[in-house]
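Residue numbers (the numbering used here): -1 to 466. Just so it is clear, CB atoms sit at the ideal spot from N, CA and C, and this is done for glycine as well. A quick write-up on the structure given underneath.
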């Protein structure tokens, strides 16, 4: 079944809902907050970054489906994760934050989600939307999803297709976009689904739907993607099997009508957030920065390996395992990077880190070639187009193709800078050009830093601390 027939256009009602619910910024009504970033003194010190966003989302969802009390520490408290917490509360889970920053979740059990009284506002969070669509698809409830202007421009068809095959009735706005309505089916129909595009969000949505579906639901993954869902589902007691074929294809199967056990979870630091400080320390002369407690799941650590291949001085200290996830402290020192051709096979393990990699490449010696990045065109913004335009505006020689960028580096010399960058409400674009400003002759101005709060609320404070 293709995505097209499964998407029933419901026109006027959702259009009106869209007009009422879209906001200029994710989960906030504040006005734009421009800021300029200028050439920096050496960055020095030790920092701790916020918790991993992907793990934070899943910790809240699975805790809400367990029977009993789960405790989560280190949770990322950005707008995206708070949207997930609000949605799970709306469907019956009790979720509270203690004074010492621990989150306590009383779950409702698999199959126990309640009908939400209002539309679930996902703000700018694509992860919340896609995973929760899966979660509610196998429950006998009707759920409406809305989001801000940026999220409402992102297609959901790749999730709608498999969930419709499982029996969910999904009505979407034109193009398979938000606002949309999911009418869940219980019992849902178990399926065997081969991912047409590498996507941890689609994989996770299907597995979450499979939790309340009788029988075995299987996702076939030709290209491995981040495996936080598999690790955490096993930790919560789900019956989940992973088989790997000789060519690397993964068959991931979950047994339905699961009973999840409550857990105590420590969320490691987000490697996607660490990426900005890794690159900043590599690029700013004289820098020596240690980033504590960074999650280094092999499905997420692609950027570290690519930067090392470019000559980056990145040392792993105190490598350990926390809550089933590999973790280490990273010591990063200023390095002259070399341009390389980045293997497109690493894209799933660093898809969110490409914007900041492009900035690193802009100061490398020689040319960096990236390909296989079509996925970047359907993120919070068209990240290939937006990064190409922004880099060109601050004096970088860059060429854009359908699936990547070719960047000619300065050999370590500062960038010209001196431009105002349109961030397009995309937190990773904003932070990437903030780092570019640190190594530019003239300040780089971001038109609005407010979207950074979706994933990294204390980004600017940590940066300022390293500059003292």
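Just list the residues that DSSP pairs residue i with in beta bridges.
{"i": "residue 286", "result": "42, 331"}
{"i": "residue 438", "result": "413"}
{"i": "residue 315", "result": "327"}
{"i": "residue 219", "result": "248"}
{"i": "residue 149", "result": "None; residue 149 has no bridge partner."}
{"i": "residue 178", "result": "143, 170"}
{"i": "residue 496", "result": "Any property of residue 496 remains undetermined from this structure, which presents the chain solely from -1 to 466."}
{"i": "residue 253", "result": "214"}
{"i": "residue 347", "result": "Partner(s): none; residue 347 has no beta bridge."}
{"i": "residue 34", "result": "443"}
{"i": "residue 262", "result": "69"}
{"i": "residue 241", "result": "249"}
{"i": "residue 93", "result": "103"}
Could you check whether the Cβ of residue i sits closer than 7 Å to any heavy atom belonging to the ligand COA?
{"i": "residue 41", "result": "Here there are no bound small molecules, and the ligand COA is not part of this structure."}
Considering only C-alpha positions, which residue in the set the options is nearest to residue i?
{"i": "residue 243", "options": "221, 276, 161, 366", "result": "221"}
{"i": "residue 435", "options": "261, 404, 391", "result": "391"}
{"i": "residue 258", "options": "61, 344, 449", "result": "61"}
{"i": "residue 256", "options": "29, 238, 264", "result": "238"}
{"i": "residue 77", "options": "66, 209, 48, 105", "result": "48"}
{"i": "residue 151", "options": "135, 174, 168", "result": "174"}
{"i": "residue 441", "options": "343, 250, 393", "result": "393"}
{"i": "residue 421", "options": "372, 408, 385", "result": "385"}
{"i": "residue 371", "options": "254, 343, 358, 159", "result": "343"}
{"i": "residue 312", "options": "318, 322, 319, 329", "result": "329"}
{"i": "residue 102", "options": "401, 293, 54", "result": "54"}
{"i": "residue 98", "options": "106, 105, 450, 70", "result": "70"}
{"i": "residue 337", "options": "268, 314, 307, 353", "result": "307"}
{"i": "residue 277", "options": "89, 247, 429, 92", "result": "429"}
{"i": "residue 355", "options": "318, 427, 292", "result": "427"}
{"i": "residue 247", "options": "148, 223, 236, 228", "result": "223"}
{"i": "residue 234", "options": "202, 340, 395, 263", "result": "263"}
Which of the three DSSP states, helix, strand or coil, is assigned to residue i?
{"i": "residue 27", "result": "Below a pLDDT of 50, predicted positions are generally treated as unreliable, and residue 27, at 45, falls in that range; the measurement from the model is reported next regardless. Of the three classes helix, strand and coil, the one that applies to residue 27 here is coil, per DSSP."}
{"i": "residue 342", "result": "helix"}
{"i": "residue 448", "result": "helix"}
{"i": "residue 189", "result": "coil"}
{"i": "residue 21", "result": "Reliability fails at residue 21, whose pLDDT of 40 lies under 50, so the model's placement of it is uncertain and no value is given."}
{"i": "residue 49", "result": "strand"}
{"i": "residue 271", "result": "helix"}
{"i": "residue 200", "result": "helix"}
{"i": "residue 78", "result": "helix"}
{"i": "residue 109", "result": "coil"}
{"i": "residue 183", "result": "coil"}
{"i": "residue 100", "result": "coil"}
{"i": "residue 224", "result": "coil"}
{"i": "residue 460", "result": "helix"}
{"i": "residue 303", "result": "helix"}
{"i": "residue 336", "result": "strand"}
{"i": "residue 466", "result": "coil"}
{"i": "residue 309", "result": "coil"}
{"i": "residue 156", "result": "helix"}
{"i": "residue 322", "result": "coil"}
{"i": "residue 426", "result": "helix"}
{"i": "residue 357", "result": "helix"}
{"i": "residue 421", "result": "coil"}
{"i": "residue 292", "result": "strand"}
{"i": "residue 87", "result": "helix"}
{"i": "residue 298", "result": "coil"}
{"i": "residue 235", "result": "coil"}
{"i": "residue 455", "result": "coil"}
{"i": "residue 195", "result": "coil"}
{"i": "residue 59", "result": "helix"}
{"i": "residue 279", "result": "helix"}
{"i": "residue 164", "result": "coil"}
{"i": "residue 209", "result": "coil"}
### Query
For the stretch 214 to 234 against the stretch 180 to 192, are there 3 or more C-beta pairs whose distance is under 8 Å?
Yes, they touch.
### Message
Tell me whether the stretch 335 to 354 and the stretch 261 to 273 touch, counting them as touching only if at least three CB pairs, one residue from each stretch, are closer than 8 Å.
### Response
Yes, since at least three Cβ pairs between the stretch 335 to 354 and the stretch 261 to 273 fall closer than 8 Å, the two stretches touch.
### Message
To test your reading of the DSSP string, which unbroken beta strand (DSSP E) runs of 3 or more residues are found completely within the stretch 362 to 395?
### Response
365 to 368
### Message
Check whether the stretch 38 to 45 and the stretch 283 to 298 touch, using three or more Cβ-Cβ pairs below 8 Å as the test.
### Response
Under the 8 Å Cβ criterion, the stretch 38 to 45 counts as touching the stretch 283 to 298, having at least three qualifying pairs.
### Task
Mind the definition here: the stretch 172 to 191 touches the stretch 409 to 416 only if three or more C-beta pairs lie below 8 Å; say whether that holds.
At 8 Å Cβ cutoff, the stretches do not touch.
### Query
Are at least three pairs of beta-carbons, each pair with one atom in the stretch 294 to 310 and one in the stretch 135 to 155, less than 8 Å apart?
no
### Unbroken stretches of the alpha helix (DSSP H), 4 residues or longer, contained in the stretch 112 to 142
124 to 135
### Task
Report yes or no: do the stretch 66 to 82 and the stretch 121 to 133 share at least 3 C-beta pairs separated by less than 8 Å?
yes
### Task
Pair every Cβ in the stretch 363 to 377 with every Cβ in the stretch 315 to 330, then say whether three or more of these pairs are closer than 8 Å.
no
### Cβ contact (3+ pairs, closer than 8 Å) linking the stretch 129 to 136 and the stretch 160 to 167
With the rule of 3 Cβ pairs closer than 8 Å, the stretch 129 to 136 counts as touching the stretch 160 to 167.
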